[in-house]
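Here is the structure we will look at, set down as structure tokens.
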Amino acid sequence: MGQKSNPIGLRLQINRTWDSRWYAEGRDYAQLLKEDIDIRKHIVKSLPQAAISKVVIERPAKLCRVSIYAARPGVIIGKKGADIEKLRQKLSTMTASEVKLNIVEIRKPEVDPKLVAQGIADQLIRRVAFRRAMKRAMQSAMRLGAEGIKIVCGGRLGGAEIARVEQYREGRVPLHTLRANIDYAETEALTAYGIIGIKVWVFKGEILGHDPTAQDRLMMESQTSGVRPAR
């Protein structure tokens, strides 16, 4: 059996940090964790068209600051900010804290593993050939600055009777190098034949020096002027 480790968990506190940033003790921890899970589920479920990559939740004092990283922020904001206000009110009912929303635009969705995986899943549901979908995603990522990308699809590929796993890789993906800025995501495509699992690793260069917030900072720098203020 292969002893596989999640690239995100492996690099926590080395060159990336958690998506939930707060401290709690005892019963408060379980309650806040459940709130985080419910908030994330609601945001992803209610905004499927916004191409959401990740939701970061911070809780300074009595505040709940929710940062939504999305490729199409206009879908979340709506006309004159009407939709974002509705979302903020709905999230306020899910937590005792005051909710503030930040919308961060992802300028290069082609190198974001979550969005790459979702894109492949959508194509598989529309019955696009899986090899074509995977290779097209890899070419787009490499063209837009990724140093390496690896995609693995597993399940009844092409409607075959027996499930199998297919993988493609382009460039370098050094999984054992802790300083490597590797982003990872997985998703599922609910096809007519059954579920197909998709895993994506994207290598975006090396981070020299011990800095847990390095990945977030690099992401923010690459999306300069893409942050909408808290509401």
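Take 1 as the starting number for the sequence shown in this note's numbering and just add one per residue. A virtual CB, placed ideally from N, CA and C, is assigned to each residue, including glycine. Please read all numbers here as calculations on a predicted model, not as lab measurements.
In terms of Cβ geometry, A137 and E161 do not form a close pair [threshold 9 Å]. For Y184, the uninterrupted beta strand (DSSP E) segment begins and ends at A180 to L190. When the alpha-carbon of A189 is set against those of K114, E35, Q118 and R65, the nearest one is in Q118.
Assigned with DSSP and collapsed to three states, L208 falls in coil, not helix or strand.
I68 places its beta carbon less than 9 Å from that of V55. Cβ neighbours of A24 within its own chain (closer than 7 Å, five residues either side excluded): L32. Nearest in C-alpha terms to D183, of all of G197, I151 and Q89, is I151. Between the segment 203-216 and the segment 166-180 there are three or more inter-stretch CB-CB distances shorter than 8 Å, so the stretches are counted as touching. Per DSSP, the beta bridge partners of G155 are R164.
Taking the CA atoms as reference points, A133 sits about 31 Å from L12. A contact is defined here as three or more CB-CB pairs under 8 Å, and the segment 42-49 meets this definition with respect to the segment 75-90.
Judged by DSSP secondary structure, E58 falls within the beta strand (DSSP E) whose first and last residues are I52 to E58. Residues A117, G197, I198, K199 and V200 of the same chain have their beta carbon placed closer than 8 Å to that of E186, with the five preceding and five following residues left out of the count. Minimum Cα-Cα distance from G148 among the listed residues E98, N181 and Q3 corresponds to N181. For Y29, the uninterrupted alpha helix (DSSP H) run begins and ends at R27 to S46, by DSSP. Counting along the chain, S92 sits inside the alpha helix (DSSP H) bounded by residues A82 to S92. The C-beta of A146 has 16 or more other C-beta atoms within 10 Å across all chains shown, which makes the residue buried.
Between V165 and G154, the beta carbon gap of about 4 Å places them in contact (Cβ cut-off 8 Å).
According to DSSP, residue pairing for V200 in a beta bridge involves I151 and A185.
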